[in-house]
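Please read the structure below before turning to the comments.
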Amino acid sequence: MQFFARSKTKVVDHKQQQTRLILGLSLPAILVAFFSLLYVGLNTYLLAFFSIIALLGLFYVVYATRNNIDKQQQLISNLLAALIEEDYTMRGNLQQDAAIAPLLKLINTLADNLQTKSRQVSEKQILIDKILDQVQAMCFAYDNEQNIVMANHAAHTQLFLGQEIEDCSLQDFNWLKSLTEKNSAVVTLNTSQLQGEYFAFKDKYLSAGNPHTLLLLIKAEQILDERKQQAWQDLLRVLSHELNNSLTPIATISRSLNKKVQQCEFSKQPQFQQGLEIISERASSLQAFISSYRELAQLPKPSKSAVTVQSLFGPILPLFDCEFTYSENWPKPASQLVLNVDKKQLQQVLINLIKNAIEANTVNNQQGIELDLEESDDMLKICIRDFGQGIANFDNLFVPFYTTKQQGTGLGLALSRQIMLNHDGQLQLENHLEQGAIATVTLPALQRDNE
C-alpha cells in the first residue's frame, strides 16, 4: 500500500509540471495572437470566437497530455506491482508506448532475468526434493518457533506418520528436543515411532532471511551393516582371486603327475597315485567351496516387481516336510498383501530361514513352524518361529564362514541379510520369550488392497 501511495504522489507532481509547461508555452503565444488581431482591427465577435477556439484547444492539449501520463504511469505501476508479486509474465509494449519505450525495455529485461532466476530456483528445489525423497535418512527442518517446515518422504512416513507438515510441531515430539543440543550425536530411541540407535546430524541455515534448523536421523545399524557387508565382499573378492590363482595350477599339475605316475612302474606307485588323487580332490573341493562364497560378493541387484505374499510362500512351503501353523494376527489374506521385491531372491531368503527353523526343531525334537504377518505403517513383517533351543551366539550370526552346523557353509544368513539390505529391508533374529527363536523379515509394503 505504501508503494502505491508514494507512486500516486509522484504521478500528481509530474502532471502538474507538465500542465505548467504547456500553459507556460501556450498562453504567451495565444496572448500575442490576441493582441495582434486586436491591433489590426479584427471584428470583436471574430476575435472572441478565435479566442474561445484557442482556449478550447489549449484545454484539450492539457487534458490529452494528462490522460496519456495517467496511462503511462498506470502501465509502469502495473508492471512493477507484478514484479513485486513475483508474477514475471507481464511485459510492456514498446511499439504502442514509444514515449517510454526505453523505460519499458529496462523493465522487460528485469522481468526476463527474474523469471529465469525464479525458474532455475524452482527446478533446483524440485531436484532437491526428489533427491531427499529417495534418501533413506529421515530429513526435516523447523523454524525458531519449532514448527516443521519441511520433511522428506522417510520422515513423513516413519516419524510424522503421514500427518500434514503444517499440523506438525517439534513440541509434539519431546524426545526430539534432546537431539538439538549437539551438531551430531549417536542417540538411543525407544518411542512408538522409532526404536534403536540413530545418528543425529543438525545444522543451521537461512530461508527468506529467517534462521532454520535442519535435522537428519539415520539408523546406525543400517550404516554399520552396509559397511560390514561391503568389507566382507571386498575380502571375499580378494580371497577368491588369490586362492583360485593358486588352486588352478595345483589341480592341473596333480592331474598331469597322476597320469605320468600311472605310466611308470615302481614299488611306491599306489601311494604316489593315492596322494596325487587326494591333492586333486581337495583342490577341486576348495575351488567349489570358494565359488559358493563368491555368490555373496557378486550378488546381483534385485529385479523388483509387484509380488503378493501368497505367491511368495505358495511354491516353497510344499518343499518342506513340516507342519506350518499360521498366527491369528494376520491383518489380511496373503493374496491382498503386496511387496515390491525380487521374487527369486526373497524366496531364497525364506527357504533358508525355514530350513534353519526346521533344523533347530530337530535338535530339540520339536515339530512345526509358526508363520506370522504384521503390518506397521508402510512396512510388512514376515515372522518365522521355531521351537528349538534358541540362539546362543548372536554376535556371529551374520558373519560369513561362521557356522555351528557340521555341514554348514556359514553363508546362509549372511547372504540372506545382504539380499534384505538390497531390498531396503531388514533381517532380525531373536529368541522367543517362551521357546525357540524368531526370524523377522521387514520390507516396505507396495500397496494396500482394501477389497
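Under UniProt numbering, the first residue of the sequence shown carries the number 1, and numbering increases by one thereafter.
Glycine is no exception: its CB is placed at the ideal position from the N, C-alpha and C atoms.
It should be emphasised that the depicted structure is a prediction, and the values quoted were computed from it without experimental measurement.
Neighbourhood of residue i by C-beta distance below 7 angstroms, restricted to the same chain and skipping five residues each side
i	result
Q345	P302, I419
L366	Here residue 366 turns out to be Gln, not Leu, going by the sequence shown. So the list reads F387, G388, once near-sequence residues are dropped.
A155	M138, C139, F140
F320	I354, I358
N352	G412, S416
R91	N108, A111
Close Cβ partners of residue i (< 8 angstroms) along its chain, the five nearest in sequence each way excluded
i	result
L429	I391, F394, L397, L413, A437, I438, A439, T440
A445	L337, V338, L339, E375, D378, M379, L380
S267	In this prediction, S267 scores a pLDDT of 49, lower than 50, which makes its location untrustworthy; no coordinate-derived value is stated.
F49	none
Sequence-distant residues of its chain with Cβ nearer than 6 angstroms to residue i (five each side left out)
i	result
D342	P302, S303, K304
I76	none
L216	A137, C139, F201
N147	S169
Q163	none
L299	Q418
V349	S416, I419
C322	I358, I369
D449	Reliability fails at D449, whose pLDDT of 46 lies under 50, so the model's placement of it is uncertain and no value is given.
V309	A334, L337
Alpha-carbon spacing of residue i relative to residue j, whole angstroms
i	j	result
N422	N93	59 angstroms
I358	V338	27 angstroms
F324	K259	54 angstroms
T116	L110	10 angstroms
E370	Y326	6 angstroms
D143	N210	8 angstroms
N153	S416	The question names Asn, but residue 153 is His in the sequence shown. For H153 and S416, the distance between alpha carbons rounds to 27 angstroms.
Q120	Q193	37 angstroms
A334	I279	52 angstroms
I69	A98	13 angstroms
T132	A151	One point to set straight first is that residue 132 is Leu, not Thr, in the sequence displayed. Between L132 and A151, the C-alpha separation is close to 9 angstroms.
A101	Q72	10 angstroms
S51	G57	10 angstroms
N356	C168	45 angstroms
S7	A64	Unreliable positioning characterises S7 in this predicted model, as indicated by a pLDDT of 44, which lies under 50. A coordinate reading is not provided.
A185	I382	32 angstroms
V307	L80	57 angstroms
D134	E145	The sequence given here places Gln at residue 134; Asp does not occur at that position. So the two alpha carbons sit approximately 28 angstroms from each other.
D129	Y198	23 angstroms
L427	V363	23 angstroms
L214	S122	20 angstroms
Spatially closest choice to residue i from the options, by CA coordinates
i	options	result
Q347	M90, P315, I358	P315
N431	L127, I384, Q125	I384
L159	D378, A445, L427	D378
Q74	Q95, L104, I52, V61	L104
I354	A99, I126, V186, L317	L317
V149	V135, N108, Y205	Y205
D112	N147, L132, I128, A82	A82
L443	Q435, L433, G425	G425
Q125	S207, I218, V349	S207
D87	P300, T157, L114, K130	L114
I107	N78, E123, L170	N78
A360	F59, Q435, L373	Q435
T89	S118, V363, K332, S311	S118
I218	V187, L427, D203	V187
Secondary structure of residue i, DSSP reduced to three states
i	result
residue 452	Outside the displayed range of the chain (1 to 451) lies residue 452, so it cannot be described from this structure.
D386	coil
I391	coil
K304	coil
S267	Because the pLDDT of S267 is 49, which lies under 50, any placement of that residue in the model is unreliable, and the number read from its coordinates should be weighed accordingly. Reduced to three states, the DSSP call for S267 is coil.
A208	coil
V135	coil
F320	coil
M420	helix
D167	helix
F313	helix
L106	helix
T89	coil
Q426	strand
L299	coil
CB contact check: residue i to chain B, cutoff 8 angstroms
i	result
L106	This model lacks chain B altogether; it includes just one protein chain.
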